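To start, the structure itself, in structure tokens.
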Amino acid sequence: MRPTSLADYIASTPLFRTPQRILSLGRAMMAASFVAMLVTVMIAYPYASSFSLPAQIAAHLLLPVAAAFFKLGYVVRLAAHHALGNYSAG
Numbered sequence: 046m047r048p049t050s051l052a053d054y055i056a057s058t059p060l061f062r063t064p065q066r067i068l069s070l071g072r073a074m075m076a077a078s079f080v081a082m083l084v085t086v087m088i089a090y091p092y093a094s095s096f097s098l099p100a101q102i103a104a105h106l107l108l109p110v111a112a113a114f115f116k117l118g119y120v121v122r123l124a125a126h127h128a129l130g131n132y133s134a135g
């Protein structure tokens, strides 16, 4: 049976079948975006003299993008905790 909506497609995808996998995905998103934020901050501020101007501009532009993915990972993590019945997770 073909999924008829985006929600059906997500539910039928093996990655999203269990709340534990969603929790792992949220944690992985948070970890990866945290590393990306650290790298962009290091390029943009303390080691700026070691990088070209386009690299510094890219680092400044990517910092809020990485922060947005961190927040998205946090929301995914909260949704997984909710699906697991852990309503006090924060």
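If you're matching positions, the sequence shown starts at 46 in the working numbering and goes up one per residue.
C-beta atoms are modelled at their ideal positions from N, C-alpha and C, and glycine is treated no differently.
Here the structure is a predicted model, which means the values were calculated and not measured.
1. Alpha carbon to alpha carbon, what distance is there between Ser95 and Gly118?
2. Count the other CB atoms, across all protein chains shown, that sit within 10 Å of the CB of Ala113; report buried if there are 16 or more and exposed otherwise.
3. Decide if Val121 is buried, meaning its Cβ has at least 16 other Cβ atoms within 10 Å, or exposed.
4. By how many angstroms is the C-alpha of Leu98 removed from the C-alpha of Arg72?
5. Can you give me the Cβ contacts of Ile88 inside the same chain, cut-off strictly under 7 Å, excluding the 5 residues immediately before and after it?
This is what the structure holds:
1. 31 Å
2. exposed
3. buried
4. 33 Å
5. Phe96, Ala100, Gln101 and Ala104
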